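Heads up: the structure comes next, in structure tokens.
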Amino acid sequence: MIQNLLDGILTGAVISLGAIGLTMVMHMLRFANFAYAELLAIGAYAALVFDRVLAALAPALATAFKPLTVSASLALATLLAMAITGASAVVVDWLVFRRIRAKADALSMVFASFGVALIIRNAITLAFGHNAQLFSQDIAFATVLSTDPLILVKADQVFVLVAALALMAAFHIVLTRTSFGFALRAVAENPTLAQVAGVRLSTMIVAVWLIGGGLSAAAGVFYTLTNHLSPALGSNFLLPVFAATIVGGIGSVYGAVLGGFLVGVASGLSLAVLPSGYVPAMPFLIILAVLLLRPHGLFGEDQA
Amino acid sequence: MTAALKIEALEAGYVRDLPILRRVDLGVERASLTVIIGPNGAGKSTLIKAVAGLVPVSGGRVLLDGKDITGIRPDQMGALGLSYVPQTDNIFRHLSIRENLALVLRRVPDRQARLEELFALFPVLAQKQADRAASLSGGQRQMLAVAMALAPRPRVMLMDEPSAGLSPKIAAEVLDLARSLTRQGVTVLLVEQNVRKALSVADHCYILAEGRNQMDGPAAAILADPVVGEIYLGGRRVGAA
Amino acid sequence: MIGVISYLVFFATMAGILAIVVLGLNLQWGYTGLFNGGVAAFFGAGAYVTMLLGGRPEPGQFGGFLAPFPVAIVGGILFAGLIAWFFGVLTLRLRHDYLAIATFGVAIALESVARNAEWLTGGAKGLRGFPRPLEATITALGGGDNFLYGLFFLALVLAVLAAVYVGLERLTRSPYGRALRAIREDEAAARSLGKNPVRLRLESFVIGSMIMGAAGGLYVAFYAYVGPQDLAPILTFQVWAMLIVGGAGNNRGAVLGAFLIWAAWTASGFALAALAPQAMQLYTGPIQYILIGSVIVGMLLWRPQGILPEQIRQQGRN
Ligand SMILES: Nc1ncnc2c1ncn2[C@@H]1O[C@H](COP(=O)(O)OP(=O)(O)O)[C@@H](O)[C@H]1O
Ligand SMILES: [Mg+2]
Numbered sequence: 507m508i509q510n511l512l513d514g515i516l517t518g519a520v521i522s523l524g525a526i527g528l529t530m531v532m533h534m535l536r537f538a539n540f541a542y543a544e545l546l547a548i549g550a551y552a553a554l555v556f557d558r559v560l561a562a563l564a565p566a567l568a569t570a571f572k573p574l575t576v577s578a579s580l581a582l583a584t585l586l587a588m589a590i591t592g593a594s595a596v597v598v599d600w601l602v603f604r605r606i607r608a609k610a611d612a613l614s615m616v617f618a619s620f621g622v623a624l625i626i627r628n629a630i631t632l633a634f635g636h637n638a639q640l641f642s643q644d645i646a647f648a649t650v651l652s653t654d655p656l657i658l659v660k661a662d663q664v665f666v667l668v669a670a671l672a673l674m675a676a677f678h679i680v681l682t683r684t685s686f687g688f689a690l691r692a693v694a695e696n697p698t699l700a701q702v703a704g705v706r707l708s709t710m711i712v713a714v715w716l717i718g719g720g721l722s723a724a725a726g727v728f729y730t731l732t733n734h735l736s737p738a739l740g741s742n743f744l745l746p747v748f749a750a751t752i753v754g755g756i757g758s759v760y761g762a763v764l765g766g767f768l769v770g771v772a773s774g775l776s777l778a779v780l781p782s783g784y785v786p787a788m789p790f791l792i793i794l795a796v797l798l799l800r801p802h803g804l805f806g807e808d809q810a
Numbered sequence: 060m061t062a063a064l065k066i067e068a069l070e071a072g073y074v075r076d077l078p079i080l081r082r083v084d085l086g087v088e089r090a091s092l093t094v095i096i097g098p099n100g101a102g103k104s105t106l107i108k109a110v111a112g113l114v115p116v117s118g119g120r121v122l123l124d125g126k127d128i129t130g131i132r133p134d135q136m137g138a139l140g141l142s143y144v145p146q147t148d149n150i151f152r153h154l155s156i157r158e159n160l161a162l163v164l165r166r167v168p169d170r171q172a173r174l175e176e177l178f179a180l181f182p183v184l185a186q187k188q189a190d191r192a193a194s195l196s197g198g199q200r201q202m203l204a205v206a207m208a209l210a211p212r213p214r215v216m217l218m219d220e221p222s223a224g225l226s227p228k229i230a231a232e233v234l235d236l237a238r239s240l241t242r243q244g245v246t247v248l249l250v251e252q253n254v255r256k257a258l259s260v261a262d263h264c265y266i267l268a269e270g271r272n273q274m275d276g277p278a279a280a281i282l283a284d285p286v287v288g289e290i291y292l293g294g295r296r297v298g299a300a
Numbered sequence: 011m012i013g014v015i016s017y018l019v020f021f022a023t024m025a026g027i028l029a030i031v032v033l034g035l036n037l038q039w040g041y042t043g044l045f046n047g048g049v050a051a052f053f054g055a056g057a058y059v060t061m062l063l064g065g066r067p068e069p070g071q072f073g074g075f076l077a078p079f080p081v082a083i084v085g086g087i088l089f090a091g092l093i094a095w096f097f098g099v100l101t102l103r104l105r106h107d108y109l110a111i112a113t114f115g116v117a118i119a120l121e122s123v124a125r126n127a128e129w130l131t132g133g134a135k136g137l138r139g140f141p142r143p144l145e146a147t148i149t150a151l152g153g154g155d156n157f158l159y160g161l162f163f164l165a166l167v168l169a170v171l172a173a174v175y176v177g178l179e180r181l182t183r184s185p186y187g188r189a190l191r192a193i194r195e196d197e198a199a200a201r202s203l204g205k206n207p208v209r210l211r212l213e214s215f216v217i218g219s220m221i222m223g224a225a226g227g228l229y230v231a232f233y234a235y236v237g238p239q240d241l242a243p244i245l246t247f248q249v250w251a252m253l254i255v256g257g258a259g260n261n262r263g264a265v266l267g268a269f270l271i272w273a274a275w276t277a278s279g280f281a282l283a284a285l286a287p288q289a290m291q292l293y294t295g296p297i298q299y300i301l302i303g304s305v306i307v308g309m310l311l312w313r314p315q316g317i318l319p320e321q322i323r324q325q326g327r328n
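Now the structure itself:
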């Protein structure tokens, strides 16, 4: 039970990171982006490639910081992957969504995102194969926190949680202390007035894709670090990140963070009572509960 | 004197092939206060929004100090010395007062000094600077909206019904504030429902109806005009017994 | 020769079933502007319930009531409609994409039930054993050869397809259909004309989903089998691609798109199996998926109106 809770918190941190960008994109561009979770996969695979390349170029970077399995090359690779993933989100917007936005309604973008998701996911499969991969062949030893009930924690898990919280805190500081953050919040609240206040919307759209891509890439790496990497990573996280945004209310960054932890913990705890095969349906039950009880989410204001 | 803002045969609307404004002409003298009045739905807000770049323009020109600014992006207004106070939803309710002002001061070089100046001008806002803008009263919100528009030191300010929904006393204060701006060299174009008070502070007045110019003239003359008095100044309604 | 013809019959039957699904989606998306992200869920719900009601009993397995086919398929249709009604009520008042997310979630949830609730759904191996309507009689007529039954079943599918097509054409050309389009184009205007947008949308969504459920029922009778992969998201993608290629808002286009895309899908499958090197054989699926994704995105970018564009809108303009 406690083990499930701990695992749930960890997954929750990953979902939260993924949901932050999604909620902003959904709010600003007014469409449910079914391709968004593929950014987690792009990020994780990009980090895998950079890690291998860096380790080959400078083997000294590849030694892990014990007791973590994380090495300097992986840390660097993650930063590079965040940048690449943000850039690819901008490129996809530029190639597809922006052009559809210019001439059709928001639902056509939902539709297009379906197609984009299919392309990205299967292109990754073609490039990297169906098989699961690992960042490190090192065995991560778990620390036994308690034997009855059995509670195991790996150093990597602690690291991932801390790193995810640090990223969220950094973004919180950007939102509340910088005029760029004010502009982001202004656009979220009232895009027209934000323009009147001198904010250029197209710049903000690029910024949101960069931030969303970067945070999603980190989420993808963090998840993969404590699990394994497969092309299904994106599709496995799609419903959870959607659920997190709906729980929090579309457009609310803090709601998405809370929603992410909620979905993660609920899914983790459900493992204690349900066979594991039902876990993919858990976010759906949460969406259902929100729709029944509080359709606009905990902090949402978006109306139809 | 040259017109600080000149609108020539402007046509604009929200939907393609459905113009709301039909060849509207208008000129605003530098450092003057010009008021636009007219019935509801006349296109007053649309005119202001078309100047601000928020409504697509299908014909005609907008000149700011002689420079053609027709169809600018709204976010370019500040750089051109133009500011706009929308009729409704003109502050960010989830941002604090200070954050609202910091946002519009992003591109202003001496932003800290300017912030202090604005707080000196609007002491109420200074007092509540850390509060969410949603917590302000109606009059205070309008003050914040005006302060935000003033922050980048515009040469021309567009205001859409700044006194709407305010008590008569506060409404008069807001209009007096608009008047005082012209004394600092700011050109103000104002839409008002509060016709009598607006005409008493304005230099010039345009009357708009159904998207067209109806008449214009010095504010004092319009105020004295018996027909206008009938229709807009609470005299007997046309056609009423 | 008979082999080719019997393959064509098989192909046309499957394409016909998919065309029925596409018609259902066309009512929702093409005419009403509703995004159904879980087409597979409604198809699969219809299929599973038809199987449970009309299938043969198996030891340790719920269902297998051997209900006559018409009863079984009506059960499937009603179940698909019920799910649609429930989620329609919950989401149609909200921002438009809640429906997309909720229906996408329904598909995932149903798939996980299908995979795991073995007592009900047979789990990963699915359910098999379905007495196909009139099979014994017609096979006997054909002298024990099942080719005649294949033809009969194709005729049955085409008859249902025709009935759905005619029904939808009537519906969409009636004042009711105009009201649906009015809501799609301009909800506020439609509301001011006294239409209740939420109710009309709900009705359209439920009817469309029931049509998908009917297709699921036919599918079960055709294969005498249903499994969790019939609920997999790829069906949703394929059906969407069929609609956008054929032309959303045009029922003839919907049917055309179904046959075209199904032909392209089948042909690309054969071609890849025949031509791809041994090492790539595992990856023919992803290549086909990329093709479907590219069709969707490409059509949206370059020919969003599809091969046969919507006509009524133009009539309305003149
Ligand atoms: N966002 C909009 N979309 C479509 N039409 C609008 C919009 N805003 C205003 N209109 C229409 O434009 C006309 C002029 O409106 P407006 O400029 O707001 O009038 P005023 O400010 O003089 O009361 C009205 O007929 C109104 O219905
Ligand atoms: Mg107005």
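Those protein sequences? They're chains A, B and C, same order as listed.
Numbered as in this note's numbering, the first sequence ends at 810 without a single skipped number.
Numbered as in this note's numbering, the second sequence ends at 300 without a single skipped number.
Numbered as in this note's numbering, the third sequence ends at 328 without a single skipped number.
Backbone N, C-alpha and C fix where the C-beta goes; we use that ideal spot for every residue, glycine too.
Fair warning: this is a prediction, and the values are worked out from it, not measured in the lab.
{"Check": "Close-in-space but distant-in-sequence residues of the same chain around isoleucine 626/A (CB under 6 Å, 5 per side omitted)", "Outcome": "Glu544"}
{"Check": "Cβ-Cβ distance between threonine 246/B and alanine 90/B below 7 Å", "Outcome": "yes"}
{"Check": "Serine 222/B Cβ short of 6 Å to ligand 2 heavy atom set", "Outcome": "no"}
{"Check": "Proximal residues of chain A, C-beta to C-beta of leucine 28/C below 7 Å", "Outcome": "Result: empty, since nearest Cβ-Cβ is about 17 Å, beyond 7 Å."}
{"Check": "Boundaries (first-last residue) of the alpha helix (DSSP H) holding glutamine 248/C", "Outcome": "243-256"}
{"Check": "Neighbour flag for proline 67/C against chain A, beta carbons, 7 Å", "Outcome": "no"}
{"Check": "DSSP state of glutamine 809/A mapped onto helix, strand, coil", "Outcome": "Summary for glutamine 809/A: the model assigns pLDDT 38, below 50, so the residue's position carries little reliability; its value from the coordinates is reported in the next sentence. The answer is coil: DSSP assigns glutamine 809/A none of H, G, I, E or B."}
{"Check": "Length of the line joining the Cα atoms of glycine 187/C and tyrosine 41/C", "Outcome": "8 Å"}
{"Check": "Runs of alpha helix (DSSP H) wholly within the stretch 775-805 of chain A (minimum 4 residues, chain order)", "Outcome": "788-799"}
{"Check": "C-beta neighbour in chain A for valine 307/C, strict 7 Å", "Outcome": "yes"}
{"Check": "beta-carbon glycine 100/B near ligand 1 non-hydrogen atom, thresh 6 Å", "Outcome": "yes"}
{"Check": "Local Cβ density within 10 Å of lysine 228/B, reported as buried at 16 or more and exposed below that", "Outcome": "exposed"}
{"Check": "Beta-carbon contacts of valine 265/C that lie in its chain and below 8 Å, excluding the five residues immediately before and after", "Outcome": "Ala29, Val32, Leu33, Leu171, Tyr175, Gly256"}
{"Check": "Proximity winner among Met252/C, Ile217/C, Ile306/C, relative to glycine 267/C (alpha-carbon distances)", "Outcome": "Met252/C"}
{"Check": "Length of the line joining the Cα atoms of isoleucine 590/A and glycine 755/A", "Outcome": "28 Å"}
{"Check": "Candidates Gly766/A, Ile793/A, Ala787/A: closest to serine 522/A by CA position", "Outcome": "Gly766/A"}
{"Check": "Chain B within 7 Å of asparagine 811/A, Cβ atoms only", "Outcome": "An answer regarding residue 811/A cannot be provided, because it is not within the stretch 507 to 810 covered by chain A."}
{"Check": "Asparagine 637/A at chain C interface by Cβ criterion, 7 Å", "Outcome": "no"}
{"Check": "Sequence-distant residues of its chain with Cβ nearer than 7 Å to glycine 774/A (five each side left out)", "Outcome": "Asn510, Leu511, Asp513, Gly514, Thr517"}
{"Check": "Per DSSP, cross-strand counterpart(s) of glutamate 143/B", "Outcome": "The identity of residue 143/B in the sequence shown is tyrosine, whereas the question assumes glutamate. DSSP, once it has assigned bridges, lists Leu217/B as partnering tyrosine 143/B."}
{"Check": "Counterpart residues of histidine 263/B in DSSP-defined beta bridges", "Outcome": "Thr93/B, Pro277/B"}
{"Check": "Alpha helix (DSSP H) runs contained entirely in the stretch 161-217 of chain C, provided each spans 4 or more residues", "Outcome": "185-195, 197-202"}
{"Check": "Secondary structure of serine 219/C, DSSP reduced to three states", "Outcome": "helix"}
{"Check": "Assigned exposure category for phenylalanine 280/C - 16 Cβ within 10 Å defines buried", "Outcome": "exposed"}
{"Check": "Within-7 Å CB hit, aspartate 155/C to chain A", "Outcome": "no"}
{"Check": "At least 3 beta-carbon pairs within less than 8 Å: the stretch 743-760 of chain A vs the stretch 778-796 of chain A", "Outcome": "yes"}
{"Check": "C-beta atoms of glutamate 70/B and leucine 77/B nearer than 7 Å", "Outcome": "no"}
{"Check": "Heavy atom of ligand 2 within 6 Å of lysine 103/B beta-carbon", "Outcome": "yes"}
{"Check": "Residue burial classification, valine 650/A (beta-carbon count within 10 angstroms, cutoff 16)", "Outcome": "exposed"}
{"Check": "Leucine 258/B beta carbon less than 7 Å from that of isoleucine 281/B", "Outcome": "yes"}
{"Check": "Any non-hydrogen atom of ligand 1 within 6 Å of isoleucine 626/A CB", "Outcome": "no"}
{"Check": "Interface residues of chain F facing phenylalanine 677/A [CB-CB closer than 7 Å]", "Outcome": "Within the model displayed, chain F is absent; protein chains A, B and C are what it includes."}
{"Check": "Contacts that phenylalanine 805/A makes with chain C (C-beta to C-beta distance below 9 Å)", "Outcome": "Under the 9 Å cutoff, chain C gives no residues; its nearest Cβ is about 15 Å from phenylalanine 805/A."}
{"Check": "Spatially closest choice to glutamine 248/C from Phe20/C, Ala25/C, Arg142/C, Ile15/C, by CA coordinates", "Outcome": "Ala25/C"}
{"Check": "Chain B within 7 Å of serine 619/A, Cβ atoms only", "Outcome": "no"}
{"Check": "Unbroken beta strand (DSSP E) run spanning glycine 302/B, endpoints", "Outcome": "With chain B represented from 60 up to 300, any question about residue 302/B goes unanswered, as that position is not in the structure."}
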